[in-house]
Amino acid sequence: MPSIMVTPPPTTICTFRRRSGHQKEHPSNTMPTTTLRLRATFLAIALLSLNDGAESFPSNRAIIRPPGRRAQGHGRDTALAAKAPAAVTETEAEIRDRILNEIDSGLRTSVQADIDLSDYGEPEDALALDDDDDGAIDPSTLGQWDESDMLDKFDYEWNPDEGDEDPNNINPAYEYVTDVPLDDEGNEVGYNPIFGHSNPIDDRTIINPPDSYVIDEKTRDDRLVPHDFPEGDPERESNAKITAFRKSLRQVETYRDEFLKVEVPRHTAKWHGYPEQLAFPEQDYTNNRFTREEDRTDFDALGPARARKVAVEMARAKNNEWLPEGTSAAYHARKTAVYRELGVITGSTLRGEIDEDVVARIRPALDVLGDVVELLSIEVETVFRFKYHGLIKNKRGMEAWAGVLIRNCDVDCTGVVFETGHRKRDPAYDGGDHWYGPY
Numbered sequence: 006m007p008s009i010m011v012t013p014p015p016t017t018i019c020t021f022r023r024r025s026g027h028q029k030e031h032p033s034n035t036m037p038t039t040t041l042r043l044r045a046t047f048l049a050i051a052l053l054s055l056n057d058g059a060e061s062f063p064s065n066r067a068i069i070r071p072p073g074r075r076a077q078g079h080g081r082d083t084a085l086a087a088k089a090p091a092a093v094t095e096t097e098a099e100i101r102d103r104i105l106n107e108i109d110s111g112l113r114t115s116v117q118a119d120i121d122l123s124d125y126g127e128p129e130d131a132l133a134l135d136d137d138d139d140g141a142i143d144p145s146t147l148g149q150w151d152e153s154d155m156l157d158k159f160d161y162e163w164n165p166d167e168g169d170e171d172p173n174n175i176n177p178a179y180e181y182v183t184d185v186p187l188d189d190e191g192n193e194v195g196y197n198p199i200f201g202h203s204n205p206i207d208d209r210t211i212i213n214p215p216d217s218y219v220i221d222e223k224t225r226d227d228r229l230v231p232h233d234f235p236e237g238d239p240e241r242e243s244n245a246k247i248t249a250f251r252k253s254l255r256q257v258e259t260y261r262d263e264f265l266k267v268e269v270p271r272h273t274a275k276w277h278g279y280p281e282q283l284a285f286p287e288q289d290y291t292n293n294r295f296t297r298e299e300d301r302t303d304f305d306a307l308g309p310a311r312a313r314k315v316a317v318e319m320a321r322a323k324n325n326e327w328l329p330e331g332t333s334a335a336y337h338a339r340k341t342a343v344y345r346e347l348g349v350i351t352g353s354t355l356r357g358e359i360d361e362d363v364v365a366r367i368r369p370a371l372d373v374l375g376d377v378v379e380l381l382s383i384e385v386e387t388v389f390r391f392k393y394h395g396l397i398k399n400k401r402g403m404e405a406w407a408g409v410l411i412r413n414c415d416v417d418c419t420g421v422v423f424e425t426g427h428r429k430r431d432p433a434y435d436g437g438d439h440w441y442g443p444y
């Protein structure tokens, strides 16, 4: 049933004047009976509209006059309707709130209360598939998982440190390949010097694989095994001899792998691998020391106070800042005494004899070399010793170039030696430690 929206009367109370004067009177005393009838009609029509479920109203609202109203009064009603304020349009949120309030107050009933949801959908039996597996695992029968379930291990999970048996050990009940196949050149088949061994036939390949438990001599039951030939038939003895002969050949049963495109043995001892090494094996903290075992100081037996004192004494013994005056000079003299005692200065930075005339002749070469070298001595008149201050990586090249410069000065040169003392590397350039020595 279409809903009919009626424009309610104006909320402003109209005041009627007497024809004989201008004094205002109370509305209850002056409102005509026709107006009361009109308000009652509007209220009745509004209640009927609520029962019909009207929720929105058109803009062109119809004005219904009560019965018995004269036609000549239509102009007066039109004037009253024109003076009424414009209706405010409700938003969706306001319409929703109004409908909910009407439902809560009992003015409106919900149509969903009459709907039986059990009539919708299909029963559970109709959803079950015809091809359900009756032997499928039911999750409800598996029980509850806890930490104890993680204590069990697979075959490849084992810890040799705890004494677990190595699953990679071969079973001595079978025979394995002992001679690895070789190619025509005597090399192992499939061996690559970069990637190593790749031949699938190795020392874990089984030569005499076990038979099925149905036909194996140890587990077979003749009552359950069907016989191809009756008892006493000569074919049975002949087949047994052929089977025994084939086993005596000790041939490796193989098949061709479709991916590798090579012959792969069918029976091998399974390889489980070894646990991943997550840390280096524990070793004694003295394993990387250059101190001999008999000279090692046992700090653990000294106690904290005594151990600290001994450690400080040993550290100061190798540090010049804590040594008395003259100790470093005595140490240097002791190290260089061997050169003076033997009369050989090669290998050190000690100065020797220098011929000034030769120095004047090779002056152009010395100017080119600059501060990179210092002339230490001239040995046997043709061997020039220099103290080299450049990079160690350029030492050999600089020696050869210095020899060329000296010969260009018309001076005989049979050799050039660059002395660097104890310096064997360039810590500032090759990432070494400045305090790692001696240099």
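The numbering used here applies: residue 6 is where the sequence shown begins, and numbers increase by one.
Using N, Cα and C, we set each Cβ at its ideal position, and we do this for glycine too.
No experiment lies behind these values; they were computed from the predicted model shown.
- Within the stretch 363–417, the complete alpha helix (DSSP H) segments at least 4 residues long are 368–374 and 400–413, listed from N- to C-terminus.
- Beta-bridge pairing by DSSP links Phe423 to Phe391.
- About 15 Å separates the beta carbons of Ile397 and Thr354, which is beyond the 8 Å limit, so they are not a contact pair.
- DSSP places Glu242 within a helical segment (H, G or I) once states are collapsed to three.
- Look at the stretch 306–332 and you find these whole runs of alpha helix (DSSP H), each 4 residues long or longer: 309–322.
- For the set Arg401, Gly348 and Val373, the Cα lying nearest the Cα of Glu384 is the one of Gly348.
- Between the stretch 175–192 and the stretch 208–218 there are three or more inter-stretch CB-CB distances shorter than 8 Å, so the stretches are counted as touching.
- Counting only residues of its own chain and dropping the five nearest sequence neighbours on each side, Tyr196 has a CB closer than 8 Å to the CB of His202, Ser203 and Asn204.
- Arg390 counts as buried, since at least 16 other C-beta atoms from the protein chains shown sit within 10 angstroms of its C-beta.
- Of the residues assessed, Tyr218 falls on the exposed side of the cut-off, its CB having fewer than 16 other CB atoms within 10 angstroms.
- Between Ile367 and Ser382, the beta carbon gap of about 13 Å keeps them out of contact (Cβ cut-off 8 Å).
- When the Cα atoms are used, Ala338 and Leu283 turn out to be separated by approximately 51 Å.
- The C-beta separation of Thr351 from Thr387 comes to about 15 Å, leaving the pair out of contact by the 8 Å criterion.
- For Arg103, the uninterrupted alpha helix (DSSP H) run begins and ends at Glu97 to Ser110, by DSSP.
- Per the Cβ contact rule, the stretch 370–381 is in contact with the stretch 405–412 (3 or more Cβ pairs under 8 Å).
- From the listed residues Asp102, Arg301, Ser110 and Pro270, the smallest Cα separation to Asp207 is found for Pro270.
- Residue pairing from DSSP leaves Gly348 without any beta-bridge partner.
- Beta-bridge pairing by DSSP links Gly201 to Asn197.
- Annotated three-state conformation of Thr146 is helix, per DSSP.
- By the 16-neighbour rule on beta-carbons within 10 angstroms, Tyr393 is buried.
- Within the model, the alpha-carbon separation for Arg228 versus Ser253 is close to 28 Å.
- Taking 8 Å as the cut-off, the Cβ atoms of Pro280 and Trp163 count as close.
- It is roughly 27 Å from the alpha-carbon of Ser333 to the alpha-carbon of Asp376.
- By the 16-neighbour rule on beta-carbons within 10 angstroms, Thr96 is exposed.
- When the beta-carbon positions are compared, Val416 and Val363 come within less than 8 Å of each other.
- Phe234 is classed as exposed because its beta carbon has fewer than 16 other beta carbons within 10 Å across all chains shown.
- In this structure Val343 is exposed. Its beta-carbon is surrounded by fewer than 16 other beta-carbon atoms within 10 angstroms.
- Boundaries of the beta strand (DSSP E) around Thr259: Thr259 to Arg261.
- Within the same chain, Cβ atoms closer than 7 Å to the Cβ of Asn173 are found at Trp276 and His277, the five residues on either side in sequence being excluded.
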